[in-house]
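*Asks:* In terms of numbering that gives the first Met the number 0, the sequence shown opens at residue 0 and continues consecutively.
Here it is, the structure in full.
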Amino acid sequence: MGKHILLYGKSVLIAGLASSLATIPDLEIIRSENLDFSELTIPDLILVDLCDAETAHALPKLCALPGVPLVGIDPTASTMTVLSGESHSAQSAQELMAFLSEVMQQNPKPSPTSKVT
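Here it is as C-alpha cells:
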C-alpha cells in the first residue's frame, strides 16, 4: 500500500507540487480546498503553502488530525516547517522530496521547541 499526501489549498505552489508528486509510484496525492475531511482517506502527511492567505484559517483543523505530520512550505524563504516545531531549508525539488520522505518514514512528533535550520 502506498503513502497518501494531502495537499491543502489552491495556490500555484500546491498545484505544481501535485503535478510533480503524481509522478512518484506508490504515492497517492489527495487535493483539498475545503475543510471537509469526512470523505478523505487519512493521509500520511499534509502539505500547505504558508504564503496562501486561505491556509491560515485551516491550520487549527489541519493540526488537529492526530498523528499526521503537517508540513508548511514557504517558497519566499525556501523553507519547510513541520508545524509542530522543526524547520528545514530546501533549495531544490530533490531536497524537498528527501525531507518529505524522511517525515513520512519517521511520522515525527517533535517537541514545540526543537528547531533545525
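Even for Gly, the Cβ is constructed at its ideal location relative to N, Cα and C.
Ignore the nearest five residues each way along the sequence and tell me which others in G71's own chain have a CB closer than 6 Å to its CB.
*Replies:* To locate residue 71, count along the sequence shown from 1; it is residue 72. Cβ neighbours of G71 beyond the five flanking positions: V47, L49, T80, L82.
*Asks:* Consult DSSP for V102 and reduce its assignment to one of helix, strand or coil.
*Replies:* Sequence index remark: in the sequence shown, residue 102 carries index 103 (1-based). In this structure, V102 counts as helix in the three-state DSSP scheme.
*Asks:* Roughly how many angstroms separate the alpha carbons of P109 and D73, rounded to a whole number?
*Replies:* For this step, residue 109 is matched to residue 110 along the sequence shown. For this step, residue 73 is matched to residue 74 along the sequence shown. Summary for P109: the model assigns pLDDT 35, below 50, so the residue's position carries little reliability; its value from the coordinates is reported in the next sentence. Going by the C-alpha atoms only, they are around 20 Å apart.
*Asks:* On the CB-based measure, 16 or more other CB atoms within 10 Å of its CB, does D43 come out buried or exposed?
*Replies:* What you label residue 43 is simply residue 44 of the sequence shown in a count that begins at 1. Classification of D43: buried, given that the 10 Å Cβ count is 16 or more.
*Asks:* Who are the near neighbours of I29 in its chain, counting only those whose CB is closer than 8 Å to its CB and skipping five residues on each side?
*Replies:* Taking the sequence shown and counting its residues from 1, one reaches residue 29 at position 30. Around I29: H3, I4, L5, L6, L39, T40, P42.
*Asks:* For G8, count neighbouring C-beta atoms within 10 Å of its own C-beta (all shown protein chains included) and say buried if the count is 16 or more, exposed if not.
*Replies:* What you label residue 8 is simply residue 9 of the sequence shown in a count that begins at 1. Under this definition G8 is a buried residue.
*Asks:* DSSP three-state call for L6: helix, strand or coil?
*Replies:* In the sequence shown, the residue the question calls residue 6 occupies position 7. In the structure shown, L6 sits in a strand (DSSP, three-state: E or B).
*Asks:* For a test of the three-state rule: what should DSSP assign to G15, helix, strand or coil?
*Replies:* Here residue 15 refers to the residue found at position 16 of the sequence shown. In this structure, G15 counts as helix in the three-state DSSP scheme.
*Asks:* From which residue to which residue does the beta strand (DSSP E) around T185 run?
*Replies:* No answer is possible for residue 185: the residues shown for the chain start at 0 and end at 116.
*Asks:* Give the straight-line distance between the Cα atoms of G1 and E101, rounded to the nearest whole angstrom.
*Replies:* Taking the sequence shown and counting its residues from 1, one reaches residue 1 at position 2. Taking the sequence shown and counting its residues from 1, one reaches residue 101 at position 102. Using only the alpha carbons, I get a separation of about 15 Å.
*Asks:* Under a Cβ-count criterion, where at least 16 other Cβ atoms within 10 Å of its own Cβ denotes burial, should A55 be classed as buried or exposed?
*Replies:* Counted from its first residue, the sequence shown places residue 55 at position 56. Label assigned to A55: exposed.
*Asks:* Determine the closest residue to L26 out of L16, N33, E32, with distance taken between C-alpha atoms.
*Replies:* Here residue 26 refers to the residue found at position 27 of the sequence shown. The shortest Cα separation from L26 among L16, N33, E32 belongs to L16.
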